[in-house]
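Take numbering that gives the first Met the number 0: the final residue in the sequence shown is number 255, and no numbers are missing along the way.
Structure first, commentary second.
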Amino acid sequence: MNFQQAFLLESMNSKLIIMRRNLLFLSLIFILVFTACQSGQKKDNQSSSQLPHGTHEATVSEVIQTASYTYLLAKEADVENWIAIPQKEVTVGQTIFYDEGLEMKNFESKSLGRVFETVYFVQGIRDVAVEPVAEAINKKLNKKVGIAQSDISVDQPAGAQSVAQVFKNKTDNSGQQITIRGQVVKVNNGIMGVNWLHIQDGSSHEGDFDLTVTTDQFYQVGDVVTLLGTISLNKDFGAGYKYPVIMEQAVKVVNQ
Numbered sequence: 000m001n002f003q004q005a006f007l008l009e010s011m012n013s014k015l016i017i018m019r020r021n022l023l024f025l026s027l028i029f030i031l032v033f034t035a036c037q038s039g040q041k042k043d044n045q046s047s048s049q050l051p052h053g054t055h056e057a058t059v060s061e062v063i064q065t066a067s068y069t070y071l072l073a074k075e076a077d078v079e080n081w082i083a084i085p086q087k088e089v090t091v092g093q094t095i096f097y098d099e100g101l102e103m104k105n106f107e108s109k110s111l112g113r114v115f116e117t118v119y120f121v122q123g124i125r126d127v128a129v130e131p132v133a134e135a136i137n138k139k140l141n142k143k144v145g146i147a148q149s150d151i152s153v154d155q156p157a158g159a160q161s162v163a164q165v166f167k168n169k170t171d172n173s174g175q176q177i178t179i180r181g182q183v184v185k186v187n188n189g190i191m192g193v194n195w196l197h198i199q200d201g202s203s204h205e206g207d208f209d210l211t212v213t214t215d216q217f218y219q220v221g222d223v224v225t226l227l228g229t230i231s232l233n234k235d236f237g238a239g240y241k242y243p244v245i246m247e248q249a250v251k252v253v254n255q
């Protein structure tokens, strides 16, 4: 091998070494970039999965106020849904968190004169994903306490059932229309399209002394009324509205 051939061979070896180093360098860069992307994707996934199950995070696109409800067009990712909450001041662009609600199809808001194709009734919104422990416990305790028993006594007309009898005979009453007379001790109007009453007559059965009633009519606390309605058992409206016994579609019975 002469000097020229040796020089060419040495030059080729040097180029091969440089190419190998460049390939190794590029490979290292690719690995680092890929790892960084994977890490970023993992962080994004972790961020999106930090919300508790059933909790939604959305941005408010539109606000409609009524006397009883605040309707919000909530944008979550690329999806917009109408939700309804108890009347509250909310601003467009605000980030809100809320839990699963009761889905209502073709819901007509009489106060707005508008029909919503789909609207979700939720108990409320908050500014954080998870409520503070003290606040959550307080809500649970208050919910468990429920309605206090009033010191009243209301006689039942002929053919009617007392509150105690409604609960005692709940299996036989299920799906049946019955009459009951009692005093209204609590009223919540305009929730999920109906008015909600709590009535008592002074009687009780195994600790049950308060009957929840839904109606389209309006009453005030203290009214003594006779109502005709249908008894339903284990009714779950969602959003925490669960009733072992409830009277629905009640109407006032006149001349009683």
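By construction, the Cβ of each residue, glycine as well, lies at the ideal position given by its N, Cα and C atoms.
It should be emphasised that the depicted structure is a prediction, and the values quoted were computed from it without experimental measurement.
Identified DSSP bridge partners for residue i
| i | result |
| --- | --- |
| Leu226 | Ile179, Lys251 |
| Ile151 | Ile151 is not bridged to any residue. |
| Pro85 | Tyr68 |
| Tyr218 | Beta-bridge pairing links Tyr218 to no other residue. |
| Phe106 | Phe115 |
| Leu196 | Val186, Val212 |
| Ser98 | One detail in the question is off: residue 98 reads as Asp in this sequence, not Ser. Asp98 pairs with Thr54. |
| Met246 | Val212, Ile230 |
| Phe120 | Ala83, Leu101 |
| Val62 | Leu71 |
| Ser202 | DSSP output for Ser202 lists no bridge partner at all. |
| Val78 | Glu75 |
| Lys241 | Asp235 |
Exposed unless 16 or more other CB atoms sit within 10 angstroms - verdict on residue i
| i | result |
| --- | --- |
| Ile151 | exposed |
| His197 | buried |
| Phe217 | exposed |
| Gln175 | exposed |
| Leu71 | buried |
| Arg113 | exposed |
| Val223 | exposed |
| Thr170 | exposed |
| Ala83 | buried |
| Asn172 | buried |
| Asp77 | exposed |
| Asp126 | exposed |
| Gly221 | exposed |
| Ala249 | buried |
| Thr117 | exposed |
| Gln40 | Any reading at Gln40 must be qualified, since the residue scores a pLDDT of 44, below 50, and its modelled position is unreliable; the value itself is stated next. Per the 10 Å Cβ criterion, exposed. |
8 Å Cβ shell around residue i - same chain, five flanking residues per side excluded
| i | result |
| --- | --- |
| Pro51 | Ala128, Val129 |
| Ser67 | Pro85, Gln86, Ser110, Asn188, Gly189, Ile190 |
| Gln148 | Gln199, Ser203, Phe208, Asp209 |
Cutoff 7 Å; reference residue i; Cβ partners in own chain excluding five residues on either side
| i | result |
| --- | --- |
| Pro243 | Leu232, Asn233 |
| Ala57 | Ala73, Lys74, Glu75, Ile95 |
| Val252 | Thr178, Thr225, Leu226, Leu227 |
| Glu247 | Thr213, Gly228, Thr229, Ser231 |
Other residues of its chain near residue i: CB distance less than 6 Å, five sequence neighbours each side excluded
| i | result |
| --- | --- |
| His204 | Ala163, Phe166, Lys167 |
| Ile245 | Thr211, Ser231, Lys234 |
| Phe115 | Trp81, Phe106 |
| Ser161 | Gln155, Asp200, Ser202 |
| Ala159 | Thr178, Ile179, Arg180 |
| Glu99 | Gly53 |
| Phe236 | Leu101 |
| Glu61 | Leu72 |
| Ile63 | Tyr70 |
| Val183 | Leu196, Ile198, Tyr218, Val220, Asp222 |
For the pair the region 88-106 and the region 204-214, tell me if three or more CB-CB distances fall below 8 Å. no
Query raised in the report: Just checking, does the region 95-107 make contact with the region 187-202 on the three C-beta pairs under 8 Å criterion?
Result: yes
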